[in-house]
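Working notes for the structure below.
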Amino acid sequence: MNRPAEAVRPAQPPAAPPTDAPGHGGAPTGAARPGPLGRLGVWSTRHFKAVLVGWLIVVIGLGAFAPKVTTALSGAGWQADGSQSVQVRELAERHFAGNASSAIQIVVAADHPVTDPAVQQVITQAGDLAAADPRISTVIAPQPGATISPDSRTAVLLAGAKASPDDMVRAADDLKEPLAALATDGVSVHATGASVLWSDFNKANHDAMMKSEFMSWPVTLAILVLAFGSLVAAGLPLLLTMAGLAASAGSLVLISHLFPVSVWAMNFAMMFALALGIDYALFLVVRYRAARRTDRTGRTDRAEHGDRADRGAVRAVAETMDTAGKAVLLSGATVLVSLSAVMLVPSPAFRSMAGGIMLAVLFVLAATLTLLPAVLGKLGHRIDALALPWAKSAAPASPRFAAWGERLWKHPLRYGALALAALIALAAPVIGLRTAMPSIAVLPEDASARAGYTAVQQAFGPGAPGTLQILTPTDRAADVAAQVTATPGIAAAMPAQPAADGSGWSMIQAVPIVDPSSPDLSHTVHTLRAELPDDAMVGGAAVENLDLQHLLTEKTPLVIGVVMALGFLLLLAALRAPLIAALGTAASLLSTGAAFGVARLVFQDGHGAGLLGFTPQGFLDGWAPVFFFAMIFAIAMDYTVFLLASAKEHYERTGDPRAAMTGALAHSGRVVFAAAGVMVAVFFTFALSGPLPPKEMGIVLGTAVLLDAALVRLVLLPVLLRLTGHAAWHTPRRLDRVLPRITFSHD
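In structure tokens:
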């Protein structure tokens, strides 16, 4: 059924002149002069000690700061810079003794009145403990009719913010456990409020992600051993990952001294360093082993000793870097470009998370292009040491994926239509997707912020944890207070309190009718902002979430457009083929849409919630579309680059679209399949973590990678190559004059 072998075998270029021929000084024996990446690989191989010492200095020097990463990084930053709610918080910090959204609320709940001496003693101790912290401005005692509940069994102390929101999260880290320890029989003490919420939220998610990382390592190692067939080769991706993680973690600590960096930046950097380190090492090691087996003239390289063995290793490294190295460099550039678009969202948390991932990618990429070729050249034939039985006879090309390529070539519409239908069906639910900032339900029930939140709701009403803060000029305060009280959706409003420093501002605190996570709160805030005087501003912790959600919704189309445009331009520059660059970019939308369609079914509608162990919120967390899209697109383009670079290499050698498509699958299909297997294993372990956000990330990213590798890169994209034929690789004359001349074959 398959066509003859000689029809698919890439044409071999003529043997290169010896290295001592004119113009070939410094090139490996028996090979054409390497390109820039090939020369970098040769240099790294011949200067192994210098490269190793350089990386040891980087890893040890920066890694020394890595243990401080969880304490040095920022816990806050989830805000829309320049929004009205952020302005309210900043004014409240300056003019109202820190009574801002970042203040810490201390909830004392008792089974008897708070006027009881025993309860009063606990309240006093809690106030003294908070006041002793230098990040607390002043502690406001419970006030009857305001912060003492109608049944007199719950009292709230307000510990004002004297530091930045990031430092207030750190203050919450330090205070919440000592405060809880003040509890006695019949009296509970819980710290709550936005700062405590982010403290608990970050800790729960960090613990879950660390647990998932440890769970994923054995699975990852097993997949790597199966993919490489050698214990030595399987260890190389871990070398890259460890180097990238240590260097990026230390760098983030140093950068945090210049500006706040979200602790989530390290969490995502860990994940991407592992995933991309494995991807890149897989692609290079597989190509290196193939180059070791066959020299440029097609003869099997049997020399394994002495100088000839060294020349063989250098030649293989040069060929690997000139082919697979280019694909890795392009893939890394695509990942960096995709994540850089997140910088368009003016929110410190998002920008620092994207920056943290980009930093990890840069270190992994640098290690892949220098440290890995140096180690490969040093290992030589020992790359196959401790090989498993089936790996000793493994060929550079996979017969199974070659046969799959032939099947797709003969029946493109049959398989292409099935893959397209499946992706569209899975993507269809995305039409009804709803997003919002996470509710208190994402925290464990025993978390301090959630326990205090629940106690406040039970004592003061469902909207009390989301109290609005309205700032207005003092001369209009009475009229504004009356208008706020009469606004639908407001349960009660306290009298306006003028600023003690004579700034001319007054604050009105209003309690909404609904829970802070209710969609109805957005309508209430919108009504207030539309009807109150222009110089009145509405803020509060819940409103900061609403403003951030509005910002994300507004910026998502821009981020998606920029990511796709930059991804297309990179593919165009590398492949010099506008048609396949456009099709490869557009195909990434299919797996992304399908992943979000599945996310809607699971996290919004609750299908499988019992199996995964969570309570659905009725929406997907608000950062998912913009941030997860950039991450998914980066990973999808990673596989696109690997496959299309291999196809371009075969097309450059043969000029045959069939050889390009089937050869790409034969040589790269196994790599894409194995790399996707590792990523899916890594991401799906996050779905087993406790809190909801890691589950969302694991399901969305894992589903996207699974669908992208199985249906897009190994079915739909090869089918598009089959249907477009020579046109896929055509370079219009005008573009030919302006595009860089990048080749993927080793000439």
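The numbering of the sequence shown is my numbering, which starts it at 1425 and goes up by one. The beta-carbon is built from N, C-alpha and C at its ideal position, and this holds for glycine as well.
Please work out which residues of its chain come closer than 8 Å, Cβ to Cβ, to Ala2111, disregarding the five sequence neighbours upstream and downstream, and give them in chain order.
Leu2036, Pro2118, Lys2119, Gly2122, Ile2123 and Gly2126
Is it true that the CB of Ala1657 sits closer than 8 Å to the CB of Val1709?
yes
Measuring CB atoms only, is the segment 2082-2102 touching the segment 1826-1837, in the sense that at least three cross pairs come out at less than 8 Å?
yes
What are the partner residues of Gly2008, as DSSP defines its beta bridges?
Its beta-bridge partners do not exist; DSSP assigns none.
Counting only the same chain and skipping the five closest in sequence on each side, list residues whose C-beta sits under 7 Å from that of Ala1604.
Val1613, His1614 and Ser1872
Note down, one range per segment and in chain order, each beta strand (DSSP E) of at least 3 residues found wholly within the segment 1459-1521.
none
Between which residues of its own chain and Phe2108 is the CB-CB distance below 7 Å, once the five residues before and five after are set aside?
Gly2122 and Gly2126
Kindly indicate which three-state DSSP category Leu2003 falls into: helix, strand or coil?
helix
For Pro1853, which residues in the same chain have their Cβ closer than 7 Å to its Cβ, ignoring the five residues on either side in sequence?
Gly2021, Arg2024 and Leu2025
Would you call the CB atoms of Ala1530 and Val1580 closer than 8 Å?
Here residue 1530 turns out to be Ile, not Ala, going by the sequence shown. Cβ atoms of Ile1530 and Val1580: closer than 8 Å.
Just to confirm the assignment: which complete alpha helix (DSSP H) runs, minimum length 4, are found wholly within the segment 1917-1955?
Qualifying alpha helix (DSSP H) stretches, in chain order: 1944-1955.
Would you kindly work out how many angstroms separate the C-alpha atoms of Pro1452 and Val1738, rounded to a whole number?
With a pLDDT of only 48 at Pro1452, under 50, the local geometry of the prediction cannot be trusted, and the value read off the model is given with reservation. Approximately 6 Å between the Cα atoms of the pair.
Give the range of the alpha helix (DSSP H) segment to which Ile1560 is assigned.
Unbroken run through Ile1560 is the beta strand (DSSP E), Ile1560 to Ile1564; no alpha helix (DSSP H).
Applying the criterion that 16 or more other CB atoms from any shown protein chain within 10 Å of the CB defines a buried residue, is Ser1817 buried or exposed?
Here Ser1817 scores only 46 on pLDDT, less than 50, and its place in the model should not be relied on; the value that follows carries that caveat. Counting Cβ neighbours within 10 Å, Ser1817 comes out exposed, since fewer than 16 surround it.
Pro1936 to Asp2062, Cα distance in whole Å?
The straight-line gap from Cα to Cα measures roughly 47 Å.
Taking the beta strand (DSSP E) that Thr1578 belongs to, which residues open and close that run?
Where Thr1578 is concerned, the enclosing beta strand (DSSP E) stretches over Thr1578 to Ala1585.
Determine, using beta-carbon pairs with one atom in the segment 1966-1979 and one in the segment 1498-1518, whether at least three such pairs fall under 8 Å.
Result yes; three or more Cβ-Cβ pairs closer than 8 Å.
To the nearest whole angstrom, what separates the beta carbons of Ala1618 and Ala1965, a pair I think is in contact under 8 Å?
With a contact defined as Cβ atoms closer than 8 Å, Ala1618 and Ala1965 qualify at about 4 Å.
Take Ala1607 and list the residues in its own chain whose beta-carbon comes closer than 8 Å to its own, dropping the five residues that flank it on each side.
Val1546 and Val1613
Which of the three DSSP states is assigned to Ser1680 in this structure?
In the structure shown, Ser1680 falls within a coil segment according to DSSP collapsed to helix, strand and coil.
Starting from Ala2100, trace the alpha helix (DSSP H) both ways and give me its first and last residue.
Pro2081 to Phe2110
When you compare each of Gln1567, Ala2152 and Lys1635 to Pro2002 by their alpha carbons, which one comes out closest?
Ala2152
Near Ser1672, what residues of its chain come up, given a Cβ to Cβ distance below 6 Å and the 5 sequence neighbours on each side ignored?
Ala1693, Leu1783, Ala1784 and Phe1787
Would you list the one or two residues that DSSP bridges to Gln1893?
Gln1933 and Gly1963
Would you report the Cα separation of Lys1635 and Leu1832, rounded to the nearest angstrom?
41 Å
On the three-state DSSP scale, how would you describe Asp2045?
strand
List the whole-angstrom C-beta distance separating Asp1590 from Gly1499, where the pair is believed to meet the contact cut-off of C-beta under 8 Å.
6 Å
Just the C-alpha distance for Thr1644 and Val2106, rounded to the nearest angstrom, thanks.
Using only the alpha carbons, I get a separation of about 7 Å.
From Val1687 to Gln1549, what distance separates their C-alpha atoms?
32 Å
Which of the three DSSP states is assigned to Ala1860 in this structure?
Three-state DSSP puts Ala1860 in a strand.
What does the alpha-carbon distance come out to for the pair Val2136 and Ser1930?
58 Å
Closer than 8 Å is the cut-off here; do at least three beta carbon pairs connect the segment 2064-2071 with the segment 1759-1777?
Under the Cβ criterion (8 Å, minimum of three pairs), the segment 2064-2071 does not count as touching the segment 1759-1777.
Would you identify the three-state DSSP class for Val1532, choosing helix, strand or coil?
strand
Would you tell me roughly how many angstroms separate the C-alpha atoms of Asp1552 and Ala1585, rounded to the nearest one?
Cα-Cα distance, rounded: 15 Å.
Under 8 Å, do Val1466 and Pro1460 count as touching if we go by C-beta distance?
The answer is no: Cβ separation not under 8 Å.
Tell me the DSSP bridge mates of His1614?
Val1531
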